[in-house]
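Each remark here refers to the structure printed beneath this line.
There are 2 protein chains.
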Amino acid sequence: MELTRRDRQRAATVAEIKAAARKLLVEGGASSVGLRAVARELGLSAPALYRYFGSHEDLISALIADLYDELTDALVALRDGDPEADLGDKLFLIAGGLRDWALAHPAEFGLLFGAPVPNPDADDHELTPGHLAAMRFAAVFKELVAQIYQQQPFPHPAEDELGPELLAQLRRKSEFFDGMPAGAVYLSLTYWTRLYGLICMEVFGQLHWAFEDAGAYFQAQLFEIGEALGLDCPVPD
Amino acid sequence: MELTRRDRQRAATVAEIKAAARKLLVEGGASSVGLRAVARELGLSAPALYRYFGSHEDLISALIADLYDELTDALVALRDGDPEADLGDKLFLIAGGLRDWALAHPAEFGLLFGAPVPNPDADDHELTPGHLAAMRFAAVFKELVAQIYQQQPFPHPAEDELGPELLAQLRRKSEFFDGMPAGAVYLSLTYWTRLYGLICMEVFGQLHWAFEDAGAYFQAQLFEIGEALGLDCPVPD
DNA sequence: TCGCCAGAGTGAACACCGTTAACAGTTAAC
DNA sequence: GTTAACTGTTAACGGTGTTCACTCTGGCGA
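Structure (structure tokens):
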């Protein structure tokens, strides 16, 4: 018990600030969540927020981390919700869940996945909480794909089909994918790449010149990339 | 000859302004290209720019249109550069060219493709010059795919494999694709979706946790999606 | 219980931003 | 040659993130 009364008050205020920031984000997009606007939202002066966050960017980073955690929790709940579902069903579930969350929270999704990610391998790398939360999020998909492969290895390209340079980079990621062979890692990354690209395009409006409702297209694509992982069609509604 | 001296001066100034805006864009990202900063760049006061652009947003829109045109010109030059190349080669050429341009001009690419596109079907639709330039850009890919199909129709999903809702939306886009059948339209959109998503992910850094150099992965994916259009592997270097 | 100090909050100020208004000089047109 | 349009200016308004100096108060150790 090291939580003094003031610590609890402080934590509550931090939560209030992030809640206000999110409200502004939802209502007016990323550009609307300003330091002064947040302060105004809870009847404080702008400099007061500097007691809780070092800068405006820090506030946004904390909000991003929170949103990643919320999204991750939602997907985990979806994954563990139906005990009847097999691993393939679970993958379809969370893929659709990711799309649903993105469409239901476009502003939040834009904040998480729309902004360019600074290269952490560069010399100025500092692992923000947002990076860590993003890794927890990505791990949900990674673990599921790895489990699927472990349970029923899907056919994958042979190593000599991949080309030496690609092969070397895939091998380096093999242990991250629980020791899957390079060809299987390639298919896993293809799955993620296509799913991510598809959802980003839909949410960011890059698809509504072609589809007024991209849901059917999404399902078809999901089935396509699921097939590559040896999964059956889920529910062709 | 209705170009008075002042008209030419004015056009030159407009070009200067956009050049300065682009310089700032390249040097410091989208957030660095401000009205005052642009004015400072060419020794003007900020309100002077309002003689040439109605607002800051108008300036950005004009810059976007210019960049689309530049990109389109580059791809067209690539397409028409090698008279020996067949249509398939040309498609690989401009796909790689798009990636190269994106990697060489990440800030410009982010401005063109990173920002959410407002739905033009909504009631507040106003066709900006940027929209028109984007359509000219997209037409380069569309025409090439349509020509490829016309020359050598690639195998495509039958209509009953697509599902009724997806089929209806694809049919509506058939005439835009020079009367291609729905299944072929589906494959064309898949091509574009995957290419676009892939490049966005690489440029926006969403891929460098997996690949330090995504070039080999890009080539492999490009071959994959080219195969679906009945094309041979270009140059497996 | 007293004293003290860290924590929380304030208003003023700085430098920037997009934008508007009122004004002056130049240039083209009638 | 007069006039009107065009191009530019400075001043100002309201907005932003941020820092500084200041006050007040709650919780801790002596």
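Just so you know, the protein sequences line up as chains D and B, in that order.
No gaps in the numbering here: position 83 of the first sequence is 83 in the UniProt record's numbering, and each next residue is one more.
No gaps in the numbering here: position 188 of the second sequence is 188 in the UniProt record's numbering, and each next residue is one more.
Glycine included, C-beta positions come from ideal geometry on N, C-alpha and C.
If you're wondering where the values come from, they're calculated on a predicted model, not measured in any experiment.
How far does the alpha helix (DSSP H) with residue i in it extend, from its first residue to its last?
i	result
D/Q219	G215 to E227
B/Q9	R5 to G28
D/R99	L87 to A104
B/E161	Taken as a continuous stretch (DSSP letters only), B/E161 belongs to no alpha helix (DSSP H), as it is neither H nor E.
B/W209	Here B/W209 belongs to no alpha helix (DSSP H), and DSSP marks it neither H nor E.
D/P129	P129 to Q151
D/V38	L35 to E41
D/R194	A182 to V203
B/G81	H56 to G81
Hey, how far is the Cα of residue i from the Cα of residue j?
i	j	result
D/D80	D/Y191	21 Å
D/E108	B/G114	15 Å
B/P236	B/L222	Because the pLDDT of B/P236 is 46, which lies under 50, any placement of that residue in the model is unreliable, and the question is left without a value.
B/D7	B/H105	31 Å
B/V33	B/R99	24 Å
B/V38	B/S45	9 Å
B/D69	B/L59	15 Å
D/M1	B/L63	Note that D/M1 scores a pLDDT of 49, beneath 50, so its modelled location is shaky; the value from the coordinates is reported in the next line. Distance between the alpha carbons of D/M1 and B/L63 is about 58 Å.
B/D73	B/F176	22 Å
D/F53	B/A220	44 Å
B/G179	B/R172	10 Å
B/Y196	D/T193	11 Å
B/A89	B/P181	Strictly speaking, residue 89 of chain B in this sequence is Asp, with Ala absent from that position. Taking the straight line joining both Cα atoms gives about 23 Å.
B/E84	D/G226	38 Å
D/D160	B/E212	21 Å
D/S61	B/D86	49 Å
B/F137	B/D82	20 Å
B/G28	B/A21	11 Å
D/A75	D/G97	The residue asked about is misnamed: residue 75 of chain D is Leu in this sequence, not Ala. Cα to Cα, D/L75 sits roughly 6 Å from D/G97.
D/H56	B/V26	24 Å
D/S174	D/L189	11 Å
D/R36	B/L207	35 Å
B/L71	B/P129	15 Å
D/V153	B/A158	According to the sequence provided, residue 153 of chain D is Pro. The question's Val does not apply to it. In a straight line, the C-alpha of D/P153 is about 29 Å away from that of B/A158.
B/L49	B/F141	36 Å
Does the Cβ of residue i have 16 or more other Cβ atoms within 10 Å, making it buried, or fewer, making it exposed?
i	result
D/Q151	exposed
D/A12	exposed
D/T4	exposed
D/L127	exposed
B/P139	The residue asked about is misnamed: residue 139 of chain B is Ala in this sequence, not Pro. When all chains shown are included, B/A139 counts as exposed.
B/D66	buried
B/L144	buried
D/Q169	buried
D/G43	exposed
B/A146	buried
B/A102	buried
D/L132	exposed
B/A210	buried
D/A95	buried
Whole-angstrom Cβ separation of residue i and residue j, contact assumed at under 8 Å?
i	j	result
D/K23	D/E41	7 Å
D/G205	B/P118	7 Å
D/L187	D/L229	6 Å
D/A184	D/H156	4 Å
B/L78	B/L93	5 Å
**Item:** Inter-stretch contact (C-beta, 8 Å, three-pair minimum) for the region 212 to 227 of chain D and the region 164 to 179 of chain B
**Value:** Segments in contact, yes.
**Asked** Is it a yes or a no for the region 6 to 23 of chain B touching the region 201 to 215 of chain B, going by three-plus beta-carbon pairs under 8 Å?
**Response** Verdict: no, contact absent.
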